[in-house]
Structure formats: C-alpha cells, structure tokens
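Enquirer:
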Amino acid sequence: MQETTANKVAAHATSSFTEHLQRDRPELLPQYAPFAAGTSAAQPLAVPHATTIVAMTYAGGIVMAGDRRATMGNIIASRHIEKVFPADQYSVLGIAGTAGIAIDLTRLFQVELEHYEKIEGTLLSLDGKANRLGAMIRGNLPMALQGLAVVPLFAGFDTAAGVGRLFSYDVTGGRYEEQEHHAVGSGSMFARGALKKLWRPNLPEDEAISVAVESLYDAADDDSATGGPDPVRQLWPVVYAVNRAGGRRVSERDLAAIAGNIIESRAAARREA
Amino acid sequence: MTQQFYVSPEQLMKDRADFARKGIARGRSVIVVSCEDGIALVAENPSPSLHKIGEIYDKIAFAAVGKYNEFESLRQAGVRYADVRGYSYDREDVTARGLASVYAQSLGAVFTAEQKPFEVELAVAEVGASQDLDHLYRLTFDGSIADEHNFIVMGGQADKVSGAIEGGWQRDLSFAAAIRLAVRGLVTDNEAPDLPARALEVAVLDRSSESNRGTRRAFRRLSDQDVVELLAEES
Numbered sequence: 001m002q003e004t005t006a007n008k009v010a011a012h013a014t015s016s017f018t019e020h021l022q023r024d025r026p027e028l029l030p031q032y033a034p035f036a037a038g039t040s041a042a043q044p045l046a047v048p049h050a051t052t053i054v055a056m057t058y059a060g061g062i063v064m065a066g067d068r069r070a071t072m073g074n075i076i077a078s079r080h081i082e083k084v085f086p087a088d089q090y091s092v093l094g095i096a097g098t099a100g101i102a103i104d105l106t107r108l109f110q111v112e113l114e115h116y117e118k119i120e121g122t123l124l125s126l127d128g129k130a131n132r133l134g135a136m137i138r139g140n141l142p143m144a145l146q147g148l149a150v151v152p153l154f155a156g157f158d159t160a161a162g163v164g165r166l167f168s169y170d171v172t173g174g175r176y177e178e179q180e181h182h183a184v185g186s187g188s189m190f191a192r193g194a195l196k197k198l199w200r201p202n203l204p205e206d207e208a209i210s211v212a213v214e215s216l217y218d219a220a221d222d223d224s225a226t227g228g229p230d231p232v233r234q235l236w237p238v239v240y241a242v243n244r245a246g247g248r249r250v251s252e253r254d255l256a257a258i259a260g261n262i263i264e265s266r267a268a269a270r271r272e273a
Numbered sequence: 001m002t003q004q005f006y007v008s009p010e011q012l013m014k015d016r017a018d019f020a021r022k023g024i025a026r027g028r029s030v031i032v033v034s035c036e037d038g039i040a041l042v043a044e045n046p047s048p049s050l051h052k053i054g055e056i057y058d059k060i061a062f063a064a065v066g067k068y069n070e071f072e073s074l075r076q077a078g079v080r081y082a083d084v085r086g087y088s089y090d091r092e093d094v095t096a097r098g099l100a101s102v103y104a105q106s107l108g109a110v111f112t113a114e115q116k117p118f119e120v121e122l123a124v125a126e127v128g129a130s131q132d133l134d135h136l137y138r139l140t141f142d143g144s145i146a147d148e149h150n151f152i153v154m155g156g157q158a159d160k161v162s163g164a165i166e167g168g169w170q171r172d173l174s175f176a177a178a179i180r181l182a183v184r185g186l187v188t189d190n191e192a193p194d195l196p197a198r199a200l201e202v203a204v205l206d207r208s209s210e211s212n213r214g215t216r217r218a219f220r221r222l223s224d225q226d227v228v229e230l231l232a233e234e235s
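Chains as they are written, first to last, in my numbering: chain F, 1 to 273; chain Y, 1 to 235.
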C-alpha cells in the first residue's frame, strides 16, 4: 500500500510542461489529425511558409537572424512575420517551414523551458534544451510526411562550457551540432555561401550582426521566398545576440544602419552581385 | 472491531484546526511587504536550496510557512496552473486572484476531506503597475482567503512580528528599506540579536522589470551577497 502510493507520487513528479499536458490536458497540445488517405501530397496545402534563418558563433556568443517574409506558393503571405524567438534567457530559436505549426511549437517550447526553470529552480543545460526540442520536432513527423514540415535552428550560450553553440535538426528530430555557422530554409544555400566568405573566427559582436544581415541579403537576392531589407516599409531582419550576459534583440535603429550600409556599399560597387 | 464514538462536527473541525495551527506555529516567519519598488519577500530559512519563496508567473510570487513537502506540492501545482492558463489563453490572463482562489479551494477540500489537514499557510503576491494595483492574498490551512494590504506576516510569532512591521511600514519604502524592515521584524521573533544573510531567503517582485532588466518576469531571487550589501547600507 505504502509502496504503491510512493510509486504513484514519484511517477507523477514531472518537470516537463509537455508531459503534464499529455497527462492532464491533452486537448491543449497542438494536434493535427492526419489527412485521409488519398488526399495527401497531390496538392500541397496552401499555408504560409517561413523561410531563411542564419546563425553563427562569434567571440563570446552566438547571433541568429531571420528575414521577414512568409510565402504561400507564389504569393507573399506576410512581410512582417518574425521567425526568430528567444527560447529563454540564454537561447534562441529560429524556425523555417510551415509557419502555423512552427509558431505553436515555439510557444510550447518557451513554456517548457520556463516551466522547468520554475519547478526545478535551475535552468536546463543547453544540451537538455536541444534534446527537448528534438523530441518535439519528432512529434511532428506525421505532419512532415504530409508536407507540413518544421525545421528549426537552435542556438544558445552554454553557461557551463562558456561558449556559444548551434544545433540544426531534421524532420525526424535528429539533432546535429553545427560548427561556426549554419542556415536553414529555402534561401539557406545562398546564405551559407555568403557566410562561408564573410564569417571568420572570433568576429566581434557588431561585425557578426552585420555578417548575418548581409548573408540574408544574399539569400534574398537569389531566393524569391526570402525577403531582403525593405527601406520603403522600414523592415529589417529580426536579429538576436546571445552571450554570457544573456540574450538581447538587436534594435531596429542599429539594423537600419547596418542594412543601409550594405545597400549603399553594394550600390557603390555597381556590380551584378 | 472497536466502537466508533460520536464526535460532533464542531469538535472535529476544532481538533483539525488546532492540529494545523500547532504545526504552523513551529515554523519560522515569512514576511511579504509591498513597497514603492515592488514587493519584497523575506523568510528566515537557513537552507540555500529548499525554498519557502518561489516564482509562479510573470508578476506573481508565492511564499509559505509550515511543512515543506505540503507547500512544495502546492507551489508546483500553482506553477502548473499558471503555465497551463498562460499557454491556453494569454500571459496577461494569469492573475493572483485566480490562483489564490484555486489554492483556497484545494486547501478547503484537504481540510474537510483528507485524513489530516495541510499544516501550511500561504501568501500569493502580485505586483502591479502602481502600488495601488498590488495584490496580497493570505491563505490559511482551512481554505480561508484574505485580501491583505501593505504587508503579510505568517508563521510562528506572527503577531509579535506583525507589530514591528506595522510600526515601520511606509508607502514609499525602497526595496532596501523594506527588506531591512522585514529583517528587523524577523529578529523580534528570535533569540539571537541579528540574522546573518545566509540564514535569510530574500526575493523581490520588481515593479518595473521590463525597463530595469528587459524581462516581463518580475521575480528575482537575491543572492547572499546582494542581501549583505542591502543590509549594510543605511538610509
């Protein structure tokens, strides 16, 4: 009798918000019933897709940036969408793929980390956070097979090791640690090409931010689904920098200046690319 | 089989209440003070890891006296309640009033239905944009809920400590002054003439955490070092 009570209490003790929802409030978890057989894949569902995210390490931390465009087929679904989010004090998350599912997943991931911190009184390790995110992506695999994939890029400051680290994922939840820099989304190959030329070890923070914006500029140049800086509407990429002191969003004013410099120098060069 | 004696409901409730009161009176005091900078929570607690004060949500904190296992399970239930609510509606929709009413119901249910009542007393504090919008709720073992103003004192010698706080409380206290006042109150409950920082657990709900620290989470636990500095500076 006593033993079963103890077992029950121990089995019920969880620090995971997702686990708590699964057990007590399963209807609150994002769930999408798979389509009936036969209706799948012939025509991809017309929903907004988020595009390019870049991330890189610099001296003392990481920088992550995302453009502001979401597309739906050949239509621009949004010029204002934000695809890079703070996951907690020391990590950020960028999403590419089906925007609706990705935003749901981000919200759940943010609560998951905060919930753990409050219950346990300590932060999850960076590896712990990265694994947790992998498990959540794996949960979306049935939808990914129907064409509604979410591919995140995760980066943060590892307070134990004292370095910034990057993680990429595949749709099965596979987690891969990336070195130096990485990009995901439709414009990622162009962004990665730019990063290979622009990135160097131990960049100072301001230069790293500028490199991130420039690589998105190059992605937007060749990928129709990626939006470049928009001086008409005053829209700039969303950029976060995370270091030992925590994460911060780079201000619109700084980004306007950085984007302005890039556009100016490219215009002055009068070259094709 | 033994004979069941008749016990009147009045007697039964009184016995339960006496039992719970005795348990709570053994504990050290916890003080929650609303002041100009926000809300300060101060407890006498020699353990650096078994907390009596905790964060529930953006603007809401929790403080308790009594049996650790009982209030810890209530704290975790509160965090779950708040996170589920904030996740399914919006962060703004999590309020201290809602949480306090859930606590009152669970304490009341345990008091009447379970083998033994919870030997705890809780405070739920919510910091508002101005001092008039602060909320302090006190919850006792039988599920009674009281909406308090300015400060709450709970635990062993609450009456004596309460007198000391009442004498020194002013509307425009800073965090440092409010914490010093609370520590002076705690000392009246003590044989020792003063309390070292490592015997104190101190946390604050920062009224302007968005502008001061760039986060909507107002709760901040102060380290021993911070407390030593606060106690040392005299206004």
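Ideal Cβ placement from N, Cα and C applies to all residues, glycine included.
Comparing the C-beta of F/Leu28 with each C-beta of chain Y, is any distance below 8 Å?
Expert: Output row for F/Leu28: interface = yes.
Enquirer: Given this structure, state the Cα-to-Cα distance separating Y/Leu222 from Y/Ala104, to the nearest angstrom.
Expert: 29 Å
Enquirer: Where does F/Pro152 sit, in a helix, a strand or coil, going by DSSP?
Expert: strand
Enquirer: Contact between the region 178–190 of chain Y and the region 62–69 of chain Y: three or more CB pairs below 8 Å?
Expert: no
Enquirer: Using the rule of at least 16 other Cβ atoms within 10 Å of the residue's Cβ for burial, across every protein chain shown, is Y/Lys59 buried or exposed?
Expert: buried
Enquirer: What did DSSP end up calling Y/Ser235 once you bin it into helix, strand or coil?
Expert: Interpretation of Y/Ser235 is limited by its pLDDT of 49, a score under 50 that renders its predicted location unreliable; the figure taken from the coordinates is listed afterwards. Coil at Y/Ser235, not helix or strand.
Enquirer: Evaluate F/Val232 with the Cβ neighbour count: other Cβ atoms within 10 Å of its Cβ, from every protein chain shown; 16 or more gives buried, anything less gives exposed.
Expert: By the neighbour-count rule (16 or more Cβ atoms within 10 Å), F/Val232 is not buried but exposed.
Enquirer: Alpha carbon to alpha carbon, how far is Y/Arg216 from Y/Ile24? Give it in angstroms, no decimals.
Expert: 34 Å
Enquirer: Just how far apart, CA to CA, sit F/Ala13 and F/Ser251?
Expert: The alpha-carbon of F/Ala13 is positioned some 41 Å away from that of F/Ser251.
Enquirer: So the candidates are Y/Val202, Y/Ala176, Y/Ala129 and Y/Arg138; which of them puts its Cα closest to the Cα of Y/Tyr209?
Expert: The identity of residue 209 of chain Y in the sequence shown is Ser, whereas the question assumes Tyr. Minimum Cα distance to Y/Ser209 is reached at Y/Ala129.
Enquirer: Between which two residues does the alpha helix (DSSP H) containing Y/Gly163 stretch?
Expert: Ala158 to Gly168
Enquirer: Going by the CB atoms, is the gap between F/Ala99 and F/Ala305 shorter than 8 Å?
Expert: Residue 305 of chain F cannot be examined here, being either before or after the span of chain F that is shown, 1 to 273.
Enquirer: Could you check whether F/Val84 and F/Gly156 sit closer than 8 Å to each other, using their CB atoms as the reference points?
Expert: no
Enquirer: Check each residue of the region 54–78 of chain Y: if its Cβ is closer than 8 Å to any Cβ of chain F, include it; give the result in chain order.
Expert: Under the 8 Å Cβ criterion, the region 54–78 of chain Y contributes Gly54, Glu55, Ile56 and Gln76.
Enquirer: Considering just the uninterrupted stretch of the beta strand (DSSP E) at F/His115, what are its terminal residues?
Expert: Here F/His115 belongs to no beta strand (DSSP E); instead the alpha helix (DSSP H) covers Ala99 to Glu120.
Enquirer: Decide if Y/Glu44 is buried, meaning its Cβ has at least 16 other Cβ atoms within 10 Å, or exposed.
Expert: Buried, by the Cβ-count rule.
Enquirer: Between which residues of its own chain and Y/Phe71 is the CB-CB distance below 7 Å, once the five residues before and five after are set aside?
Expert: The beta carbon of Y/Phe71 sits closer than 7 Å to the beta carbons of Ala64, Val120 and Leu122 from its chain, once the five residues preceding and following it are set aside; these are given in chain order.
Enquirer: Given a cut-off of 8 Å, decide if F/Val111 and F/Phe17 are closer than it, judged by their beta-carbon atoms.
Expert: Yes, Cβ-Cβ distance for F/Phe17 and F/Val111 is below 8 Å.
Enquirer: F/Lys8 touches chain Y at which residues, Cβ-Cβ below 7 Å?
Expert: Within 7 Å Cβ-Cβ: nothing; F/Lys8 doesn't reach chain Y, min ~13 Å.
Enquirer: Tell me which residues share the same chain as Y/Phe219 and place their Cβ nearer than 7 Å to its Cβ, disregarding the 5 neighbours each side in the sequence.
Expert: Glu55, Ala61, Ala203 and Leu205
Enquirer: Hey, could you find the ends of the beta strand (DSSP E) F/Ile75 is sitting in?
Expert: Ile75 to Ser78
Enquirer: Taking the continuous alpha helix (DSSP H) assigned at Y/Ser208, which residues delimit it?
Expert: Looking at the DSSP string, Y/Ser208 is not in any alpha helix (DSSP H), and its letter there is neither H nor E.
Enquirer: Can you list, in chain order, the residues of the region 107–125 of chain F whose Cβ is nearer than 8 Å to any Cβ on chain Y?
Expert: Arg107, Leu108, Val111, Glu114, His115, Lys118, Ile119 and Gly121
Enquirer: Given that Y/Asp226 touches chain F, what residues does it touch there, using C-beta distances under 8 Å?
Expert: Correct list: empty, because the minimum Cβ distance to chain F is about 17 Å.
Enquirer: Taking the alpha carbon of F/Glu180 as the point to measure from, which residue in F/Val54, F/Lys8 and F/Arg138 has its own alpha carbon closest?
Expert: F/Val54
Enquirer: Within 8 Å of any Cβ in chain F, is that where the Cβ of Y/Tyr89 sits?
Expert: no
Enquirer: If we count the other Cβ atoms within 10 Å of its Cβ and call it buried at 16 or more, is F/Glu177 buried or exposed?
Expert: The residue in question, F/Glu177, is exposed, as its Cβ has fewer than 16 Cβ neighbours within 10 Å.
Enquirer: Would you kindly check if the distance between the Cβ of F/Ala259 and the Cβ of F/Asp67 is under 8 Å?
Expert: Result no, Cβ atoms of F/Asp67 and F/Ala259 do not sit closer than 8 Å.
Enquirer: Roughly how far, in whole angstroms, is the beta-carbon of Y/Asp134 from the beta-carbon of Y/Ile31, given that I think they are within contact range, below 8 Å?
Expert: Y/Asp134 to Y/Ile31, Cβ: 15 Å. No contact.
Enquirer: Just to confirm the assignment, what range does the alpha helix (DSSP H) spanning Y/Asp83 have?
Expert: Tyr68 to Ser88
Enquirer: Counting only Cβ pairs nearer than 7 Å, list the residues of chain Y close to F/Arg25.
Expert: Val84
Enquirer: Terminal residues of the continuous alpha helix (DSSP H) containing Y/Gly108?
Expert: DSSP places Y/Gly108 in the uninterrupted alpha helix (DSSP H) bounded by Ala96 to Ala113.
Enquirer: Step through the CB atoms of chain Y and report whether any lies within less than 8 Å of the CB of F/Phe17.
Expert: yes
Enquirer: Please name the residue in F/Gly121, F/Ala268, F/Leu141 and F/Arg25 whose C-alpha comes closest to that of Y/Arg294.
Expert: Residue 294 of chain Y is absent from the model: chain Y starts at 1 and stops at 235.
Enquirer: Considering only the alpha carbon of each residue, which of Y/Leu139, Y/Asn212 and Y/Val227 lies closest to Y/Ala108?
Expert: Strictly speaking, residue 108 of chain Y in this sequence is Gly, with Ala absent from that position. If we check each option's Cα against that of Y/Gly108, Y/Leu139 comes out closest.
Enquirer: Check the Cβ-Cβ distances between Y/His149 and every residue of chain F, and say whether any is below 8 Å.
Expert: no
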